[in-house]
Amino acid sequence: MRTRAWVSTIRSGRNVAVEIEIDRVARRFGPLRALDGVSATIRSGEHVALIGPNGAGKSTLLRVVLGLLRPDTGSVRLDGRCPLRERVAVMRQLAYVPQIAPQLAASVDEVVAAICALRGLQPDAIARTARGFDLELDPIADRPVRALSGGMRQKLLVSIALASRPRLLVLDEPTASLDVASRRAFFEQLERLPDRPTVLLCSHRFEEIRHIVDRVLALEGGRVVYDGDAAAYLRRYAQVVLEVRVREDAEVCAWLRTHGFRPQAAGWWTRPLEAGERVSLIAELTQRHRDALLDLTLHEVESIDPAQAMQPHSDSRPSGPRQHPQATGSLVGKDGP
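Under the numbering used here, think of the first position of the sequence shown as 15, with each following residue one higher.
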């Protein structure tokens, strides 16, 4: 988990990151209330994860912050500037990485040249950053961006965003198209940025929350229902699940059932792990049934007690995490409008 190193960046007097003020923002799409009085202050240099179930309002809020969508009521200020009225000044300060890279007809070289002209960058800066993702720009310089694979397009966008040294970095599922090594490289390069930017991250990956953010802001039904420390959120809601795939064997299946595993499709079995169980249970499984074991994975999922009741959110930041709302499906899935 990241520490609050952003304080030292602010005090150093360097390229100070953007502060975001979101004040009672509401937005409808016909009968659908996408945002319903959302308020939050994201301090300069703070890294915040924006999470929530499908249709919670995450993408809508990102678009409002970026000045791509006008709220029905309420306001957003980036260092006191309105992103709608002062678009040029605001856009110079930020970099945006969408979940799906646009299919641009322009060549890689043309896109890099345009960004360098706008940001006052040297092309080598973007090329060096891309190299950290195992992406060489010279061999693909003349290729249209839309001709690249999804992973290559995403690596290019992320490289441009990081090399731009923005004061505000807005990330919408930034590593969704990246492999494991590239995700690790992204975390490392973000950590090494000389001037810590403010980061607003929309993500469903606990890995990103664990490595990138200081704070979690959860939306449900267009409202803020959780605003608290990221480490506290993970301790409370992240649960490790063990998944194993085995050959059809009555003895093995009986052992799995006895030890709390539930059968899934295609020979898979799953079981949530309690604290301290990981080593002992995996060791016993591999020792007893090594020959029948085909695959084994661990991953983190949201852990929600259906008996928990949602507590109302106040406009002021709480001293600790708020109770999470009951939810169906994935807590941190893709958004609606």
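From the three backbone atoms N, C-alpha and C, an ideal C-beta is built for every residue, glycine too.
query: Please classify residue 65 as buried or exposed, where buried requires at least 16 neighbouring CB atoms within 10 angstroms.; result: buried
query: What are the residues that DSSP puts in a beta bridge with residue 117?; result: Bridge partners of residue 117: none, in fact.
query: Rounded C-beta distance between residue 231 and residue 63? I'm assuming under 8 Å.; result: 7 Å
query: Given that a residue counts as buried once 16 or more other Cβ atoms are within 10 Å of its Cβ, and exposed if not, what is residue 241?; result: buried
query: Could you tell me which uninterrupted beta strand (DSSP E) segments, each at least 3 residues in length, are contained entirely in the segment 139-204, listed from first to last along the chain?; result: 182-186
query: With the cut-off set at 8 Å, would you say residue 299 and residue 181 are in Cβ contact?; result: no
query: Among the candidates 81, 100, 177 and 124, whose CA atom is the shortest distance from the CA of residue 142?; result: 177
query: Here's a check: name, in chain order, each residue in its chain whose Cβ is nearer than 8 Å to the Cβ of residue 159, leaving out the five neighbours to either side.; result: 115, 116, 117, 118, 119, 120, 121, 122, 125, 167 and 170
query: Would you mind sorting residue 74 into buried or exposed? The rule is 16 or more other CB atoms within 10 Å of its CB.; result: buried
query: Could you give the first and the last residue of the continuous alpha helix (DSSP H) run that contains residue 262?; result: First-last for residue 262: undefined, no H or E at that position.
query: Among the candidates 179, 35 and 147, whose CA atom is the shortest distance from the CA of residue 191?; result: 147
query: Buried or exposed for residue 275, going by 16 or more other Cβ atoms inside 10 Å?; result: buried
query: Nearest-angstrom Cα distance between residue 104 and residue 45?; result: 31 Å
query: For residue 85, which residues of its own chain have a beta-carbon under 8 Å away from its beta-carbon, when the five flanking residues on both sides are left out?; result: 39, 40, 41, 49 and 78
query: Quick check: residue 373 and residue 229, are their CB atoms within less than 8 Å of each other?; result: Since the first residue shown for the chain is 15 and the last is 351, residue 373 is missing from the structure and cannot be characterised.
query: Can you round the beta-carbon distance between residue 189 and residue 200 to whole angstroms, since I take them to be within the 8 Å contact cut?; result: 6 Å
query: Where does residue 89 fall in DSSP's three states?; result: strand
query: For residue 70, count the other beta carbons within 10 Å of its own beta carbon; 16 or more makes it buried, fewer makes it exposed. Which is it?; result: buried
query: With a Cβ-Cβ cutoff of 8 Å, do residue 287 and residue 238 count as a contact?; result: no
query: Of the choices 184, 128 and 222, whose alpha-carbon is the least far from that of residue 198?; result: 222
query: Pull up the DSSP beta-bridge partners for residue 212, would you.; result: 182
query: Counting Cβ pairs closer than 8 Å, one from the segment 303-310 and one from the segment 254-265, do we hit at least three?; result: yes
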